[in-house]
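Below: the structure, in structure tokens.
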Amino acid sequence: MPDRGFAAGTGATNVGLHRFAVLLAAATLLLVFAGGLVTSTESGLSVPDWPTTYGYNMFTFPLSKWVGGIRFEHSHRLIASMVGLLTIVLAVWLQRREGRRWVRRLGWAALAIVIAQGLLGGLTVLLFLPPAVSVAHACLAQTFFCVVVTLAVVTSPRFRDRAPRSFSATFGANPLARLAAWATGLVYLQLLVGAIMRHTKAGLAIPDFPLALGRVVPPLDAFPVAIHFVHRVNAVAIAAVVGVLVARAIRSRRPGLARLSLVLGALVLVQIGLGAATVLSRKDVLVTTAHVACGALVLGTALSFGIGAMAAERRRGNVIPMRPSLSGRAAAWK
Amino acid sequence: MRQRVVFLIFGTLTSLALLACGGKKDEDALMEEETAKTSTSAAAPAAPAAASAAAPAAAPATGGATVTGKVAFDGTAPTEPAIKMDADAYCKSQHATPVYEQEVVVNPNKTLQWVLVYVKEGVNGSYPAPTAAVELNQQGCQYHPHVFGIQTGQPLKVVNSDGTLHNIHALPKKNAEFNIGQPFKGMETVKKFDNPETGLRFKCDVHKWMGAYCGVFNHPFFAVTNDQGAFEIKNLPPGNYVIEAWHEKYGTQTQNVTITGSEAKTVDFSFKG
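In order, the protein sequence lines correspond to chains F and P. Here this note's numbering is used: position 64 in the first sequence is 64, and no number is missing along the way. Here this note's numbering is used: position 131 in the second sequence is 131, and no number is missing along the way.
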């Protein structure tokens, strides 16, 4: 479908659409937390069937039977269903009201990803949690979260007012955006490595902190130790990149970006603290799950910063139009 | 356009409903389904009665030697923690007194319970699988027995005697993994294992504390120590054998034994705590 610039220059926005995308992003974060709880409590197979739950339609599974590990796994499934439903609504809403073709396509991409994610979740259960499928499930969750965060950012009235004319040109000329891309890439890599750690039971392969097996660099012969150490080294790299990003954002005289960079920096510090606490608490369920969720929050914030960095300063005539409602279009024909 | 959107939403919601599957089912329907599945999985004739899993499987031949012994425990018995069954009110209500983990059970006579003793090497010939099933019962949110042996091809009947739901998740290394749900009291499922292996673990992912172990053998010469730490392996034909004792925490120990006729042999083991 070609782009249709209805009401170009009117500044018409759809705050409801943006808020809905933010709601979906929040629901997705909740879903990541719930998924983290399933892994932390090792409840992934407490419901042995899929898509049914002990033979029941998952939506009619009696509350009285929510016991033990089922509470975590079944809640995860229900929240996932809710996120799926919200994604459908968002995709349709974007299709109807969004003027930018790439944003509409991103909405459908989100729907495709969430469906694939649901199928992967089912596969993990039916195949007894093979690490490859479980890691793919964890990574696709973060990918979905990135897409939803992107949708939440680009549908915001603030971004609409300041959207770049060309993302590629802006990205090339904007050091902050490039730095944010590095940070986002490193955080995504970190989440991938973290997922491998979790699903290969390498979380406590290095049981001490800040040293690693009593040394700065541990022997890396064993895979669990190696992957755990990569996670730690990459955390240092992320902290360094985000540190530079914060410094540059503060110097950029863009108060909004500076504030967001400080939030990102604070989240990275919290995340490193949670990582250390995960090891020192011997993988306490809540600490470990908070570490997973905070990781997603760091990813989302880095991505938001990167997109925000590409937004131009406010200027006239740089407004992305919304498609008018049906009644608006009818009125235009009169 | 509007029609397309309506069609899309309708189609997606229908798919979601189908995905969640089946609509609401009542308890009887689910029980019937499970029974049907059980019948299918039991390729062998239905077991008339459950054999005592703690006892050795019925030996196919008469005669031979009887190997008896005890498994001693050397050291201070570890204090097993009381199981917290707060995750399921039903489980908690089934026990008036504290229930303890069964990983290390030291008997009053300083012997170990739940040690699987079996002939590891030296068995010749083939021993057909008994048709009588070994029963693994889920009662009081615990497995009964905690450790047992079974022959390849012999039916394993898993029973849910609890008024709560369990999943039975087998984690074999040389057999097919399975994870089945038993949401209702009285449900039974029959499974078989084709390949010998020891330390085959069963767990319930709903109730984390539930665990059982099984040894799968292609012969009937195995036994599990009782609350006196004693075991008895009957009808062992003449030959040279390696007898192994396996404990879930303390590992394995082996001893050689030679059988010449129908004598009684004593083989004792000792695990250090």
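Beta carbons: idealized from backbone N, C-alpha and C, even for Gly. Fair warning: this is a prediction, and the values are worked out from it, not measured in the lab.
The continuous beta strand (DSSP E) containing W246(P) extends over residues 239-247. The beta-bridge partner set that DSSP reports for S270(P) consists of A72(P). Taking the Cα positions, R215(F) is about 28 Å away from V298(F). With at least 16 other beta carbons inside 10 angstroms of its own, D205(P) counts as buried.
Taking a Cβ-Cβ cut-off of 7 Å, V216(P) has no neighbours in chain F, whose nearest Cβ is about 19 Å from it. With respect to A91(F), L120(F) sits apart: the two C-beta atoms are not nearer than 9 Å.
When DSSP states are grouped into helix, strand and coil, Q113(P) belongs to the strand group. Sixteen is the threshold: when 16 or more other Cβ atoms of the shown chains lie within 10 Å of the Cβ of D88(P), as they do, the residue is buried.
According to the DSSP assignment, Y100(P) belongs to no alpha helix (DSSP H), since it is labelled neither H nor E.
Against chain F, the CB of V206(P) has a partner CB under 9 Å away; the residue lies at that interface. Interface annotation, N175(P): not in contact with chain F, CB-CB separation never under 9 Å.
For G63(P), there are no neighbours in chain F by C-beta distance under 8 Å, as the nearest C-beta there is about 44 Å away. For the stretch 58-80 of chain F, the residues whose beta carbon sits under 7 Å from a beta carbon of chain P are, in order, M58, F59, T60, K65, V67, G68, G69, I70. Proximity of the stretch 161-171 of chain F to the stretch 62-69 of chain F falls short of the contact definition, fewer than three beta-carbon pairs being nearer than 8 Å. No residue range can be given for C204(P), since it is assigned to no beta strand (DSSP E) and is classified by DSSP as neither H nor E. By a beta-carbon distance limit of 8 Å, L257(F) contacts L176(F). Their separation comes to about 7 Å. Of all residues in the stretch 22-40 of chain F, none places a beta-carbon less than 9 Å from a beta-carbon of chain P. Shown here for A80(F): same chain residues with a beta carbon closer than 7 Å to its own, the five before and five after excluded, namely L31, G118, G121 in chain order. With a threshold of 16 other beta carbon atoms within 10 Å, F305(F) meets it and is buried.
Distances from the alpha-carbon of E263(P) to those of F269(P), K234(P), G153(P), E121(P) put K234(P) closest.
The alpha carbon of C139(F) has as its nearest neighbour, out of V193(F), R97(F), L78(F), the alpha carbon of V193(F).
Measuring C-alpha to C-alpha distances from G243(F) to each of D221(F), L269(F), P224(F), A222(F) identifies L269(F) as the nearest.
Counted as a single uninterrupted DSSP element, the beta strand (DSSP E) harbouring C214(P) occupies residues 211-217.
One finds V67, G68 in chain F with Cβ atoms closer than 8 Å to the Cβ of D88(P), taken in chain order.
Within the same chain, Cβ atoms closer than 7 Å to the Cβ of A235(F) are found at Q190, I272, G275, the five residues on either side in sequence being excluded.
Rounded to whole angstroms, the gap between the alpha carbons of R77(F) and T41(F) is 15 Å. Pairing P196(P) with N160(P) gives a Cβ-Cβ distance that is not under 9 Å. Setting aside the 5 residues that flank it on each side, T66(P) is surrounded in the same chain by K234, A264, each with a C-beta closer than 6 Å to its C-beta; the list follows chain order. For A293(F), the secondary structure class from DSSP, reduced to helix, strand or coil, is helix. Burial of D162(P) is indicated by the presence of at least 16 other C-beta atoms within 10 angstroms of its C-beta. Neighbours of I83(P) across chain F, judged by C-beta separation under 8 Å, do not exist; the nearest C-beta is about 12 Å away.
For N195(P), there are no neighbours in chain F by C-beta distance under 9 Å, as the nearest C-beta there is about 17 Å away. In the structure shown, T155(F) falls within a coil segment according to DSSP collapsed to helix, strand and coil. Contact between A290(F) and P164(F) does not hold, since the beta-carbon distance rounds to 35 Å and is not under 8 Å.
Under the Cβ criterion of 9 Å, V148(F) is not counted among the residues facing chain P.
A residue is called buried once 16 or more other Cβ atoms fall within 10 Å of its Cβ, and A212(P) is buried on that count.
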